[in-house]
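Below: the structure, in structure tokens.
There are 2 protein chains.
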Amino acid sequence: LVEARDVRREYRLKGDLIEAVRGISLEVSAGDFLAIVGPSGSGKSTLLHLLGAVDSPTSGAIYLDGSDVTVMTDAERARFRLEHVGLVFQRFHLLPMLTALENVELPMAEAGLARKEREQRAKALLTRVGLGERLRHRPGEISGGQRQRVAVARALANRPALLLADEPTGELDQSTSAEMLELFQSLNEDGTAIVVATHDLQLAEGARRQMTLVDGKIRE
Amino acid sequence: LVEARDVRREYRLKGDLIEAVRGISLEVSAGDFLAIVGPSGSGKSTLLHLLGAVDSPTSGAIYLDGSDVTVMTDAERARFRLEHVGLVFQRFHLLPMLTALENVELPMAEAGLARKEREQRAKALLTRVGLGERLRHRPGEISGGQRQRVAVARALANRPALLLADEPTGELDQSTSAEMLELFQSLNEDGTAIVVATHDLQLAEGARRQMTLVDGKIRE
Ligand SMILES: Nc1ncnc2c1ncn2[C@@H]1O[C@H](COP(=O)(O)OP(=O)(O)OP(=O)(O)O)[C@@H](O)[C@H]1O
Ligand SMILES: Nc1ncnc2c1ncn2[C@@H]1O[C@H](COP(=O)(O)OP(=O)(O)OP(=O)(O)O)[C@@H](O)[C@H]1O
Ligand SMILES: [Mg+2]
Ligand SMILES: [Mg+2]
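Those protein sequences? They're chains F and S, same order as listed.
Each residue of the first sequence is one higher than the one before, counting from 442 in this note's numbering.
Each residue of the second sequence is one higher than the one before, counting from 442 in this note's numbering.
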């Protein structure tokens, strides 16, 4: 489904070379549920962005469904992501001028789904994450944990084959986090491949397999 | 140091009335270390914003050092906050165009501290939260957990008598969170009063006392 082959991601900042990801290879197959753990700054977000093709590696290759992403055009990559990949960003990136409902509908509209169906599906997704009472609120009119849940609902908008979630429970209390894990497990049982980067040990243990990142490398 | 007397905070959103905080009274004295826990959406951030006088209650009163904040002018409130209150926001609110060092120096500059001293103190604070190697990076050039730590360092810029921290470990792994707790305990032993809103049970248990919020009210 998605594969990274010896990927590196470097940043040059004035004199310094920062190696955020230093030669990582991994494969995610259909039905997989992988949790990536590791200290703050170890490269988890960078790796997730490479897997989701929202960032390009300095060297190495990323394959989406067998195709090398570098041979795809920007438009093809965007189309692939829209239809098959759901991304929950660590910073959420919700649109502040749109309501929760509109934020979740947006990828559906981009994928060409009819208005009535978008509204129904968006409502169902938001209700599923406990936000049925906050549909018409904008991101600035809800709590941090509520915003996080809108971001999760939006990632699921087009029923992706692959869900990439960066710290999806960072703002949630124990009981709401447990509900998020149950949602992920249920999606995974229905066929969604899931990769989460997380500090939440409950969530990591609820995945099918775990991988530890330290200083940009996978610890064996 | 700070006192809330029967404070309420309501929002009107189209037809709905949302009671984020429904009649809360509490006192924070010098040397206090209070952890406020509760489900996502229960009113923790709202309460912290009221205590820090960055938001006004719909009814009830907030007293800072014995003075009712509503009788202070905006300038007096801002001055009081600058000199005595450190706020770590759930959304950090770092300035994206400034480096980590400049972000931490900013409140010091506003308080009139000389350039050389600002730089020294900001360096020391960032080193203390493990970011000695990221001084010249901008918020967009570091990880989520690193941004969170810059926000904590900035809140401590003017050695506040009162630290109000909203989810200060939400993006941190276990070991970095433990370091954050140690920092807070050490500040508290040196006289800083601390109120944290948190989902991190380790942090909550490391405080001197805990309070649970549910639906805008304190659970006895
Ligand atoms: N634009 C950038 N320029 C330079 N360095 C960067 C940039 N973005 C990230 N980094 C560095 O790359 C490393 C990995 O960052 P990344 O965001 O992947 O970490 P993370 O594991 O997600 O951390 P956290 O758990 O705190 O979210 C960090 O040391 C960070 O400072
Ligand atoms: N501007 C607003 N307009 C309407 N309702 C709001 C607004 N801001 C917050 N709320 C609501 O007030 C309630 C309390 O929000 P608050 O941010 O204080 O919760 P919280 O306990 O900090 O949650 P979390 O743990 O998710 O950060 C929530 O139900 C939220 O939807
Ligand atoms: Mg990250
Ligand atoms: Mg909050």
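Using N, Cα and C, we set each Cβ at its ideal position, and we do this for glycine too.
Quick one: using the 10 Å Cβ neighbour count with 16 as the cut-off for buried, is residue i buried or exposed?
| i | result |
| --- | --- |
| residue 509 of chain S | exposed |
| residue 538 of chain S | exposed |
| residue 561 of chain F | exposed |
| residue 643 of chain S | exposed |
| residue 535 of chain S | buried |
| residue 491 of chain S | buried |
| residue 511 of chain F | exposed |
| residue 607 of chain F | buried |
| residue 516 of chain F | exposed |
| residue 458 of chain S | exposed |
| residue 555 of chain F | exposed |
| residue 647 of chain F | buried |
| residue 665 of chain S | Outside the displayed range of chain S (442 to 661) lies residue 665 of chain S, so it cannot be described from this structure. |
| residue 584 of chain S | buried |
| residue 632 of chain F | exposed |
| residue 650 of chain S | exposed |
| residue 507 of chain S | exposed |
| residue 486 of chain F | buried |
| residue 611 of chain S | buried |
On a CA-only basis, which of the options is nearest residue i? Give me that one, please.
| i | options | result |
| --- | --- | --- |
| residue 442 of chain S | S:494, S:449, S:572 and S:536 | S:494 |
| residue 660 of chain S | S:594, S:463 and S:515 | S:463 |
| residue 500 of chain S | S:596, S:607, S:516 and S:450 | S:450 |
| residue 669 of chain S | S:455, S:551 and S:586 | Nothing about residue 669 of chain S can be read from this structure; chain S reaches only from 442 to 661. |
| residue 630 of chain S | S:642, S:603, S:640 and S:656 | S:603 |
| residue 605 of chain F | F:523, F:567 and F:457 | F:523 |
| residue 541 of chain F | F:520, F:590 and F:458 | F:590 |
| residue 471 of chain S | S:487, S:505, S:453 and S:489 | S:505 |
| residue 634 of chain F | F:615, F:600 and F:640 | F:600 |
| residue 575 of chain F | S:646, S:650 and S:453 | S:453 |
| residue 655 of chain F | F:647, F:649, F:638 and F:648 | F:638 |
| residue 543 of chain S | S:578, S:619 and S:455 | S:578 |
| residue 613 of chain S | F:652, F:479, F:552 and F:594 | F:479 |
| residue 565 of chain F | F:594, F:456, F:469 and F:531 | F:594 |
| residue 592 of chain S | S:446, S:547, S:468 and S:456 | S:547 |
| residue 572 of chain S | S:550, S:545, S:554 and S:525 | S:545 |
| residue 580 of chain S | S:623, S:549, S:619 and S:533 | S:533 |
| residue 503 of chain S | S:551, S:525 and S:448 | S:448 |
| residue 623 of chain F | F:529, F:466, F:474 and F:456 | F:474 |
| residue 483 of chain S | S:461, S:497 and S:469 | S:461 |
| residue 627 of chain S | S:611, S:558 and S:569 | S:569 |
| residue 596 of chain S | S:481, S:518, S:514 and S:525 | S:525 |
| residue 519 of chain S | S:507, S:551, S:559 and S:486 | S:551 |
| residue 530 of chain F | F:446, F:498 and F:588 | F:588 |
| residue 528 of chain S | S:609, S:567, S:469 and S:514 | S:609 |
| residue 620 of chain S | F:641, F:481 and F:489 | F:481 |
| residue 467 of chain S | S:485, S:598 and S:444 | S:444 |
Determine the DSSP secondary structure at residue i, reduced to helix, strand or coil.
| i | result |
| --- | --- |
| residue 515 of chain F | helix |
| residue 611 of chain F | coil |
| residue 606 of chain F | strand |
| residue 625 of chain S | helix |
| residue 593 of chain S | helix |
| residue 598 of chain F | coil |
| residue 530 of chain S | coil |
| residue 619 of chain S | helix |
| residue 654 of chain F | strand |
| residue 493 of chain F | coil |
| residue 481 of chain F | coil |
| residue 585 of chain F | helix |
| residue 645 of chain S | helix |
| residue 661 of chain S | coil |
| residue 505 of chain S | strand |
| residue 572 of chain F | coil |
| residue 536 of chain F | coil |
Just to confirm the assignment, what range does the alpha helix (DSSP H) spanning residue i have?
| i | result |
| --- | --- |
| residue 545 of chain S | 541 to 551 |
| residue 568 of chain F | 556 to 569 |
Could you check whether the Cβ of residue i sits closer than 6 Å to any heavy atom belonging to ligand 5?
| i | result |
| --- | --- |
| residue 594 of chain S | Within the structure as shown, ligand 5 is missing, the only ligands being ligand 1, ligand 2, ligand 3 and ligand 4. |
Starting from residue i, trace the beta strand (DSSP E) in both directions and tell me its first and last residue.
| i | result |
| --- | --- |
| residue 469 of chain S | 457 to 469 |
| residue 637 of chain S | 634 to 638 |
| residue 451 of chain S | 443 to 454 |
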